[in-house]
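If you want the numbering used here, it's the 1-based position in the sequence shown plus 106. Glycine is no exception: its CB is placed at the ideal position from the N, C-alpha and C atoms. Down below is the structure, laid out as structure tokens.
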Amino acid sequence: MIHVVYKKYLLEKEDKKYLKEHKIALDLLGYILKKQYNIHLSNIEEEFIYDKYGKPYLKHYKNIHFNISHCDGFVAVGVSNDPIGIDIEKVKACKEAMMKKILTDKEYQYLQMAECKEHAFFKFWTLKESYLKWCGKGFSLNPKLVEFEFDERSILCSDISVHCEQRYIDSNCILSIVYKGKETINYESL
Numbered sequence: 107m108i109h110v111v112y113k114k115y116l117l118e119k120e121d122k123k124y125l126k127e128h129k130i131a132l133d134l135l136g137y138i139l140k141k142q143y144n145i146h147l148s149n150i151e152e153e154f155i156y157d158k159y160g161k162p163y164l165k166h167y168k169n170i171h172f173n174i175s176h177c178d179g180f181v182a183v184g185v186s187n188d189p190i191g192i193d194i195e196k197v198k199a200c201k202e203a204m205m206k207k208i209l210t211d212k213e214y215q216y217l218q219m220a221e222c223k224e225h226a227f228f229k230f231w232t233l234k235e236s237y238l239k240w241c242g243k244g245f246s247l248n249p250k251l252v253e254f255e256f257d258e259r260s261i262l263c264s265d266i267s268v269h270c271e272q273r274y275i276d277s278n279c280i281l282s283i284v285y286k287g288k289e290t291i292n293y294e295s296l
């Protein structure tokens, strides 16, 4: 089973935003580890080791995979026994050049027909970032290497070995998850 916890908080000062979001993410990771795995870590960051792409792992729990994302007052953490990629983003204005740089031609055509381009773009963006994080290589890979498509009930990925889920946390915040297998996702909002 995949466990995803997310939280919305009030931004106080912009200059300390990253540190606050990072602290909340670590607290949420600790919460899941304690609740789902009965692992109690007093300082989670001391448990981290990093691969050559900068992706963190738990050095004493190699069978537990996690991924963290935070953005503009939202934080999300996913934990699984297999690799997982997660991204949370607040929908905002985005330049056309950025959209063309990230999206494949087919995705860009979908975007042009969308009622709200920004929402459509961030649906793709969060899936692509989740996929690149799932791979463990982040943006060292070209985001155009993977393509997503939406049908009535699901999200299709050009990499058929993965599954994707997406939901709105509020009207302007999208959470996407990429994982392998057919696991159930347990969502929790704190």
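message = Going by the DSSP bridge assignment, what does Gly-184 pair with across the sheet?
response = Indexing the sequence shown from 1 puts residue 184 at position 78. Under DSSP, the beta-bridge partners assigned to Gly-184 are Val-110, Asn-173.
task = Could you round the C-beta distance between Ile-145 and Ile-283 to whole angstroms and report it? I think they count as a contact, below 8 Å.
result = Position 39 of the sequence shown, counting from 1, holds the residue named residue 145. Position 177 of the sequence shown, counting from 1, holds the residue named residue 283. Between Ile-283 and Ile-145 the Cβ distance is about 21 Å, and since that is not below 8 Å, they are no contact.
ask   = Is it the case that the Cβ atoms of Leu-281 and Phe-254 are separated by a distance below 8 Å?
value = Numbered from its first residue, the sequence shown carries residue 281 at position 175. Numbered from its first residue, the sequence shown carries residue 254 at position 148. Cβ atoms of Leu-281 and Phe-254: not closer than 8 Å.
query = By a C-beta neighbour count over all protein chains shown, 10 Å radius and 16 as the cutoff for buried, is His-171 buried or exposed?
reply = As a working mapping, residue 171 is identified with position 65 in the sequence shown. Counting of Cβ neighbours within 10 angstroms places His-171 among the buried residues, the total reaching 16 or more.
message = Quick check: the region 234-249 against the region 175-194, are at least 3 beta-carbon pairs closer than 8 Å?
response = Yes, the region 175-194 is in contact with the region 234-249.
query = Which residue from His-269, Asn-248, Lys-168 puts its Cα closest to that of Lys-207?
reply = For this step, residue 207 is matched to residue 101 along the sequence shown. Comparing Cα positions, the closest option is Asn-248.
task = Output yes or no for whether 8 Å exceeds the beta carbon distance between Ile-150 and His-176.
result = Position 44 of the sequence shown holds residue 150. Position 70 of the sequence shown holds residue 176. Contact flag unset, no.
ask   = Can you name, in chain order, every residue of its own chain whose Cβ lies under 7 Å from the Cβ of Phe-227, other than the five neighbours on each side?
value = Your numbering for residue 227 matches position 121 in the sequence shown. Within the same chain, Phe-227 has close Cβ partners Cys-200, Met-205, Leu-217.
task = Using the Cα positions of Glu-235 and Phe-245, report the straight-line distance between them to the nearest angstrom.
result = Here residue 235 refers to the residue found at position 129 of the sequence shown. Here residue 245 refers to the residue found at position 139 of the sequence shown. If I take the Cα positions, the gap works out to 8 Å.
Given Lys-250 as reference, the closest of Phe-180, Tyr-293, Tyr-124, Phe-230 once Cα atoms are compared = For this step, residue 250 is matched to residue 144 along the sequence shown. Scanning Phe-180, Tyr-293, Tyr-124, Phe-230 for the CA closest to the CA of Lys-250 turns up Phe-230.
query = When the distance is taken between beta carbons, is Val-268 closer than 8 Å to Tyr-293?
reply = Reading the sequence shown from its first residue, position 187 is the one you call residue 293. Reading the sequence shown from its first residue, position 162 is the one you call residue 268. No, they are not a contact pair.
query = Candidates Ser-260, Gly-160, Ile-174, Lys-165: which alpha carbon is nearest Leu-134's?
reply = As a first step, residue 134 is located in the sequence shown; it is residue number 28 there, counting from the start. Taking only the C-alpha atoms, the option nearest Leu-134 is Ile-174.
Beta-carbon contacts of Lys-142 that lie in its chain and below 6 Å, excluding the five residues immediately before and after = By one-based count along the sequence shown, residue 142 stands at place 36. Note that residue 142 is Gln in the sequence shown, not Lys. Spatial neighbours of Gln-142 in its own chain (CB-CB distance under 6 Å, excluding positions within 5 residues in sequence) are listed in chain order as His-109.
query = Ordered along the chain, which non-local residues of its own chain (more than five positions away) have a Cβ less than 7 Å from that of Met-107?
reply = Reading the sequence shown from its first residue, position 1 is the one you call residue 107. Glu-289, Thr-290, Asn-292, listed in sequence order.
Distance between Val-197 and Leu-147 (C-alpha atoms, nearest Å) = Along the sequence shown, one-based indexing puts residue 147 at 41. Along the sequence shown, one-based indexing puts residue 197 at 91. Rounded to the nearest whole angstrom, the C-alpha separation of Leu-147 and Val-197 is 34 Å.
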